[in-house]
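Chemist: Okay, handing you the structure first.
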RNA sequence: GUCCCCAUCGUCUAGAGGCCUAGGACACCUCCCUUUCACGGAGGCGACCGGGGUUCGAAUCCCCGUGGGGACGCCA
């Protein structure tokens, strides 16, 4: 077998969604695993629905996920001349023929077949045969080109995911490979490309299972080597329903915007429909060493945001701080915070990153370090009582004298609590409310140390003006 | 309707005839840690779609049901 070459071949009619991303990931990983090549091919022959924006969205998605291609992107619209050559060869060799049936005629045929409980298929009325009298071509009608599919026998292939699949040629019909305007159709372009680009494994969604026997027949007519096929089952939404734009089928870039790390999305996707024993958390380089098609589940998988969140949390707390800072900084800017020089973002993140499973949430949580928080009235009411001011005043008095390090502040906190004969939260909670606006935070001494003496005192005084 | 595919905890999955009184992970529950909230640690709850075979033995193989999904375009 020649060197492995896989491809991802999306049609640019929308953004790169999670299902497409997983298909791309598996194709990419398969090539990496076998030291092969991965190519990107844009299937843009549906001129009416393809858009440059969608092309860009796919490119952006692939770039964000860092699924780099070794060749391409190829654009099918740029290969028209080649398709037409192959088409003519097929016509000349008698593997294809012109069909003058109108769309209306075909619709009527389909309808009557459905009514009879039959599978709708072209009946071959323009298909040439040895002793057959073909109808006279109507004038002024541009014909389509149909492939002369074998009428007998079975098409068999050993699907790398689903095992042996057999489909009788009697189930197939003569598919249109070129439209009336002369442009080739999907099944034909795919075949020519997979053949000429030397694709060895076609890894794609299982909605293509039914196209496979047609493509194999076409490949055989062209005298081409038939690649191996691996049909991935689909991904269902969180609710078990088919992924659609209406419920949650979002662009992979949306995950980026929504606060997910690529590491988390990739790791999650890798484990959706594929497994390596009990391993759950692994890097992409590890994945590329492990990935194989033997351990792909043939059944559909339901997307589980909770688990993605868990992985996101894992990567937020384990990736280098500098990397997390790079992700969080722009999100702080989006919250209207311009200056993030003090306190150092990495120091803040070191204290806070264990508390969030999402980058946007993380940015929101730490925003108070860079801008004055609004006090949560529920928390304020709960933790600030008439006696509070006394306690806080005692704390401020003592704290002002210390060097404002976390350790020193910790000492002061303990001293004041002992002197006032109160429980620790009686002091810590009102401080949190004054400094952060809410009653939840990491160790309050560490927060105060990061915030700095000046800001702390200022925020305390704004809530307790008499101090 | 016809053809094709699929079927283990709520979810993702391990499982290739005996290692399975079915393992791991997310979620959930309990406890521990604790300066609140998290994080972390320790436990717990929880599944082989049904029925027939084959076999000494089946989650694993076969058949039939049932359920779910996909395809049936001059879309890709």
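Residue numbers (our numbering): 402 to 868.
Beta carbons: idealized from backbone N, C-alpha and C, even for Gly.
(1) Just checking my contact of residue 471 with residue 439 at CB under 8 Å: how many whole Å lie between their CB atoms?
(2) At 4 residues or longer, what runs of the alpha helix (DSSP H) sit wholly inside the stretch 497 to 522?
(3) Under a Cβ-count criterion, where at least 16 other Cβ atoms within 10 Å of its own Cβ denotes burial, should residue 594 be classed as buried or exposed?
(4) Helix, strand or coil for residue 732 per DSSP?
(5) Given that a residue counts as buried once 16 or more other Cβ atoms are within 10 Å of its Cβ, and exposed if not, what is residue 713?
(6) When the Cβ atoms of the stretch 757 to 776 are set against those of the stretch 805 to 812, are three or more pairs found closer than 8 Å?
(7) Nearest to residue 413 by alpha carbon, out of 660, 442, 404?
(8) Answer with buried or exposed for residue 477, where buried requires no fewer than 16 other C-beta atoms within 10 angstroms of its C-beta.
(9) Do you know whose CA, among 824, 843, 773, lies nearest residue 858's CA?
(10) Quick check on the DSSP output: the alpha helix (DSSP H) that includes residue 484 runs from which residue to which?
(11) In this structure, what does DSSP give as the bridge partners for residue 476?
(12) Going along the chain, which residues of its own chain have a beta-carbon closer than 7 Å to the beta-carbon of residue 825, five neighbours each way excluded?
(13) What number of angstroms, rounded off, separates the C-alpha of residue 690 from the C-alpha of residue 656?
(14) So which of 598, 518, 613 has the shortest CA-CA distance to residue 407?
(15) Any idea which residues DSSP pairs residue 585 with across the strands?
(16) What residue range is occupied by the uninterrupted alpha helix (DSSP H) comprising residue 456?
(17) Tell me whether residue 609 sits in a helix, a strand or coil according to DSSP, three-state version.
(18) Please list the terminal residues of the continuous beta strand (DSSP E) segment that includes residue 810.
(19) Can you tell me whether residue 418 is helix, strand or coil according to DSSP?
Modeler: Taking the coordinates as given:
(1) Position 70 of the first chain, counted from the start, is the residue given in the question as residue 471. Position 38 of the first chain, counted from the start, is the residue given in the question as residue 439. The pair is a contact, with the Cβ atoms about 5 Å apart (cut-off 8 Å).
(2) 504 to 516
(3) Residue 594 sits at position 193 when you count from the first residue of the first chain. The residue is buried, with at least 16 neighbouring Cβ atoms inside 10 Å.
(4) Taking the first residue of the first chain as position 1, residue 732 is located at position 331. Of the three classes helix, strand and coil, the one that applies to residue 732 here is helix, per DSSP.
(5) Position 312 of the first chain holds residue 713. Buried, since its Cβ has 16 or more Cβ neighbours within 10 Å.
(6) no
(7) The residue labelled residue 413 in the question sits at position 12 within the first chain. With distances taken between Cα atoms, residue 413 lies closest to 442.
(8) Position 76 of the first chain, counting from 1, holds the residue named residue 477. By the neighbour-count rule (16 or more Cβ atoms within 10 Å), residue 477 is buried.
(9) Mapped onto the first chain, residue 858 falls at position 457. If we check each option's Cα against that of residue 858, 773 comes out closest.
(10) Mapped onto the first chain, residue 484 falls at position 83. Per DSSP, residue 484 belongs to the alpha helix (DSSP H) from 481 to 493.
(11) Within the first chain, the letter at position 75 stands for residue 476. According to DSSP, which records beta bridges pairwise, residue 476 is partnered with 443.
(12) For the purposes of this step, residue 825 is taken as residue 424 along the first chain, with counting starting at 1. Excluding sequence neighbours, residue 825 sits near 818.
(13) Sequence index remark: in the first chain, residue 690 carries index 289 (1-based). Sequence index remark: in the first chain, residue 656 carries index 255 (1-based). Straight-line Cα distance between these residues: approximately 26 Å.
(14) Position 6 of the first chain, counting from 1, holds the residue named residue 407. It is 598 whose Cα lies nearest to the Cα of residue 407.
(15) Along the first chain, read from residue 1 onward, the residue named residue 585 stands at position 184. Partner(s): 579.
(16) Numbered from 1 along the first chain, position 55 holds the residue referred to as residue 456. Run containing residue 456: 453 to 466, per the alpha helix (DSSP H) assignment.
(17) On the first chain, position 208 is the one that residue 609 refers to. Residue 609: helix per DSSP, three-state reduction.
(18) As a position in the first chain, residue 810 is number 409, starting the count at 1. No beta strand (DSSP E) holds residue 810; the alpha helix (DSSP H) holding it covers 807 to 821.
(19) Residue mapping note: residue 418 aligns to position 17 of the first chain, counting from 1. Strand.
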